[in-house]
Amino acid sequence: MCGICGISSTSDRASARLDRMLDAIVHRGPDGEGRLQRPGLVLGMRRLAVIDLAGGDQPIFNEDGSVAVVFNGEIYNFRELRTELERHGHHFATRSDTEVLVHGYEQWGDEVLHRLVGMFALALWDENRRRLLVARDRFGKKPLYYSREAGEVVFGSEIKAVLAAGVSADVDDAALQDYLALRYVPAPRTLFRSVRQLPPGHKFVVGDDGFAVERWWQLRYEPKPAITVVQAADEVEDLMRTAVARRLVSDVPLGCFLSGGLDSSTVLSFMSELSDEPVRTFSIGFDESWAGDELAAARATAHSFHTVHHETRLGPDEFLRLLPAAVWHRDEPLAEPSEIPLLALSRMAREHVTVVLSGEGGDELFGGYPKYRVDALLDRAGRPARAAIGARQLHRLAGWHRLSRRARLAVEALATAAPSQRWPAWFGADRSAGLHAADLRPLDSALSEIGTGLGPLDRMLALDVHTYLADNLLIRGDKMTMAASVEGRMPLLDHQLAEYAARLPASLKATPRSTKIVIREIARRRLPATLLSRKKIGFAVPVAPWFRGSLGDVLERLTFGPQARPDPLVDPEWVRRALALHRSGHYDFGKELWSVLTLDVWARLFLDGAEPASLIFDR
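Here you go:
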């Protein structure tokens with residue numbers, strides 16, 4: 001695990017700019033630094049040593065030095081690839097997983113990407129062809145940002161590295177609208193006009209033919225096999241076991257983030273099965289009176305699997321103290337307040353381990369969110385019926401009476417034609433319009449890429465994988481763990497497991513009555529019965545009550561006090577009204593107020609040049 005960066009440019013100042021880029025991401029790799037300089041190119045990396053601690057320094061070269069790579073991530077099948085490449089006559093100089101990249105490129109060219117099992121952002125230089133290949137893994141577990149200005153290409157694992165090279169930090173107004181509507185910015189945009197995010201499963205090439213971005217992988221949801229729940233669970237269980245086993249390969253201590261939910265608990269069950277020693281588990285909670293607190297459930301699960309358990313609680317004072325650092329590491333406003341407890345959890349874990357496994361991805365692949373029950377309801381209607389049905393007829397569908405009022409509104413919105421008209425029912429963009437007019441074209445574009453041949457449930461799952469998972473959850477996971485120099489691994493996003501899950505029939509993912517059908521069958525075999533009956537809570541943070549106290553006071557001072565920015569990104573009068581209504585207790589504007597608060601902190605750090613340590617938020 002590392003951070004990488006580079007500049008393709010004829011500038012004679014590229015090397016000095018690379019120094020600043022590497023300094024900006026030192027937290028991603030405290031164990032070492034490497035660089036490559038060639039005419040028109042500089043590459044750099046910061047290393048967090050996990051495999052081959054002594055011999056894995058980068059860049060790594062092929063036998064004659066004509067191919068070099070800097071790499072962020074892990075290749076879990078590197079031993080199998082190494083054996084195959086050695087049969088082809090390649091000679092290895094290290095035990096590192098990184099070295100299979102240069103020899104694999106020699107053997108298979110860009111097709112080596114399809115042979116990799118793992119997570120990665122890589123930059124590979126082919127001296128003979130004067131060609132730079134930059135690629136990102138299938139789901140976007142490892143981030144990669146770039147800028148093209150004045151005939152040069154600048155790229156890095158974090159936006160702050162790209163900005164450190166001198167790239168403009170001007171705000172992209174369209175991306176700001178995306179953020180206010182969705183609370184994150186879908187790729188390829190970022191909040192910076194001159195910086196783009198390389199989408200998951202994409203690569204770009206810089207060479208004699210110029211610059212080109214291409215997709216190299218996409219998750220497919222067809223064809224659907226004829227299969228029972230038990231048969232599907234048998235296959236998924238085997239694939240999960242393999243995925244977890246691959247992610248236990250490490251030359252440093254590892255552990256597990258445990259929320260007490262189905263996904264992380266199932267991952268823990270496999271870790272315990274495959275490990276010779278008790279697994280180290282890490283959990284975080286809030287006030288015990290908070291209905292969303294899962295610490296007791298996590299503790300009970302840890303006890304069931306006899307783990308070495310570590311836990312902590314986070315109150316509003318510590319939450320506020322961590323806010324500037326979390327925004328700094330995220331590079332953009334925090335999409336969700338859960339990013340701050342994840343940073344605190346990662347720092348606690350770093351005192352004991354360097355690698356952690358988590359259950360990320362299970363909801364988006366197997367249909368875990370309550371909203372998917374709505375799409376299952378539409379699936380039940382059938383395609384001809386969906387095409388003909390109107391919002392006034394939806395109440396006649398079986399299961400309609402079991403939906404909440406919000407879910408019924410969402411179904412009615414889904415009956416309209418334009419995706420941008422449907423999404424406000426899910427994301428609350430009608431209320432966000434009070435902040436800034438919301439333009440949801442990025443989601444329309446993603447839906448267009450997915451196509452119209454899938455049913456409602458698979459379309460929603462595919463859209464969440466393309467956007468919410470890749471551009472929010474995985475970015476959150478990478479940035480907050482790497483802020484603490486911890487490597488996060490996500491076995492449920494093993495691409496072979498994911499490809500099988502995507503093709504499962506919709507009825508094995510979610511129904512109007514239940515969610516995550518196959519995962520629940522596996523959990524029934526492996527987890528305590530008490531866990532199976534728990535209602536899904538998610539990584540909830542009590543910001544709504546906190547905004548009626550200390551968080552509200554901080555937002556008020558930042559918006560209206562002497563510290564207020566002279567050019568606010570959000571209308572202060574809207575903030576005043578929303579905060580007053582929220583404090584009355586009759587309205588819940590917690591999510592909207594959170595968006596405003598974290599956007600203000602981001603502007604101070606990245607637009608005004610404040611240092612995180614200078615932003616002290618007292619009660």
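1 is the number of the first residue of the sequence shown in this note's numbering; add one for each residue after it.
Yeah, the Cβ is synthetic: ideal placement off N, Cα and C, and Gly gets one too.
6 Å CB neighbourhood of residue i in its chain, flanking five on each side removed
i           : result
residue 615 : 324
residue 575 : 559 and 596
residue 469 : 364
residue 388 : Per-residue confidence for residue 388 stands at a pLDDT of 44, beneath the threshold of 50, marking its modelled position as unreliable; the derived number appears in the next sentence. No residues qualify anywhere along the chain.
residue 35  : 44
residue 654 : What the structure shows of the chain is the stretch from 1 to 619, and residue 654 is not part of that stretch, so it cannot be assessed.
residue 361 : 490, 492 and 493
residue 495 : 138
residue 648 : Residue 648 lies beyond the residue range present for the chain, which begins at 1 and ends at 619; the question has no answer from this structure.
Identity of the residue in the options nearest residue i by Cα
i           : options               : result
residue 460 : 472, 487, 366 and 476 : 366
residue 294 : 28, 520 and 338       : 338
residue 168 : 543, 195 and 305      : 195
residue 10  : 252, 140, 152 and 471 : 152
residue 22  : 162, 145 and 78       : 162
residue 177 : 239, 98 and 193       : 193
residue 202 : 158, 531, 145 and 224 : 145
residue 143 : 579, 187, 173 and 81  : 187
residue 125 : 69, 513, 252 and 110  : 69
residue 103 : 67, 71 and 122        : 67
residue 132 : 83, 7, 562 and 361    : 7
residue 239 : 617, 266, 252 and 24  : 266
residue 32  : 557, 58, 555 and 603  : 58
residue 120 : 25, 609, 200 and 241  : 200
residue 612 : 259, 262 and 328      : 328
residue 25  : 578, 479 and 545      : 479
residue 198 : 159, 608, 336 and 252 : 159
residue 579 : 553, 568, 566 and 569 : 553
Endpoints, alpha helix (DSSP H) assigned at residue i
i           : result
residue 637 : The first residue shown for the chain is 1 and the last is 619, placing residue 637 beyond what the model contains.
residue 100 : 99-108
residue 311 : Note, residue 311: premise wrong, no alpha helix (DSSP H); beta strand (DSSP E) at 308-313.
residue 135 : Premise fails: residue 135 lies in the beta strand (DSSP E), 131-136, not in any alpha helix (DSSP H).
residue 78  : 78-87
residue 96  : Where residue 96 is concerned, there is no enclosing alpha helix (DSSP H), given that its DSSP letter is neither H nor E.
residue 322 : 316-330
Neighbourhood of residue i by C-beta distance below 7 Å, restricted to the same chain and skipping five residues each side
i           : result
residue 76  : 117, 118, 246, 247 and 249
residue 620 : The shown model of the chain, from 1 to 619, leaves out residue 620, and the question about it has no answer.
residue 37  : 15
residue 504 : 232 and 518
residue 208 : 130
residue 88  : 107
residue 185 : 175, 178, 179, 191, 332 and 471
residue 150 : none
residue 431 : With a pLDDT of only 37 at residue 431, under 50, the local geometry of the prediction cannot be trusted, and no value is derived from it.
Beta-carbon separation (whole angstroms), residue i vs residue j, contact threshold 8 Å
i           : j           : result
residue 257 : residue 147 : Wrong, their Cβ atoms sit about 33 Å apart, outside the cutoff.
residue 113 : residue 499 : Rounded, the Cβ-Cβ distance is 15 Å, inconsistent with contact.
residue 551 : residue 541 : In fact, because the Cβ distance is near 10 Å, the residues do not count as touching under 8 Å.
residue 28  : residue 46  : 5 Å
residue 2   : residue 71  : 7 Å
residue 115 : residue 81  : 6 Å
residue 589 : residue 581 : 6 Å
residue 243 : residue 473 : Not confirmed; about 18 Å, so no contact.
residue 522 : residue 237 : 5 Å
residue 100 : residue 204 : Not a contact, Cβ separation roughly 22 Å.
residue 303 : residue 280 : About 14 Å separates the two Cβ atoms, so there is no contact after all.
Beta strand (DSSP E) segment containing residue i, residue limits
i           : result
residue 211 : 210-215
residue 124 : 118-126
residue 156 : 152-156
residue 226 : Run containing residue 226: none; DSSP gives neither H nor E here.
residue 616 : Run containing residue 616: none; DSSP gives neither H nor E here.
residue 202 : 202-207
residue 67  : 67-75
residue 8   : 2-8
Chain-order list of residues whose beta-carbon lies under 8 Å from that of residue i (same chain, five-residue window excluded)
i           : result
residue 344 : 284, 312, 314, 318 and 322
residue 306 : 272 and 278
residue 457 : 367, 372, 375, 376, 378, 379, 506, 509 and 510
residue 486 : 346, 349, 350, 353, 354, 355 and 356
residue 30  : 46, 48 and 485
Ranges of the alpha helix (DSSP H) found wholly within the segment 342-367, counting only runs of at least 4: The qualifying runs are 362-366.
Secondary structure, beta strand (DSSP E): runs of 3+ residues fully inside the segment 142-197: Whole beta strand (DSSP E) segments, 3+ residues: 145-149 and 152-156.
Secondary structure, alpha helix (DSSP H): runs of 4+ residues fully inside the segment 245-291: Taken in chain order, the unbroken stretches of alpha helix (DSSP H) that lie wholly in the segment 245-291 and span 4 residues or more are 262-274.
Identify every run of the alpha helix (DSSP H) within the segment 552-613, keeping only runs that are complete inside it and at least 4 residues long; order them along the chain. Taken in chain order, the complete alpha helix (DSSP H) segments of 4 or more residues contained in the segment 552-613 are 572-583 and 590-602.
Which complete beta strand (DSSP E) runs does the segment 478-546 hold, if anything under 3 residues is left out? Within the segment 478-546, complete beta strand (DSSP E) segments of at least 3 residues are found at 487-489, given in chain order.
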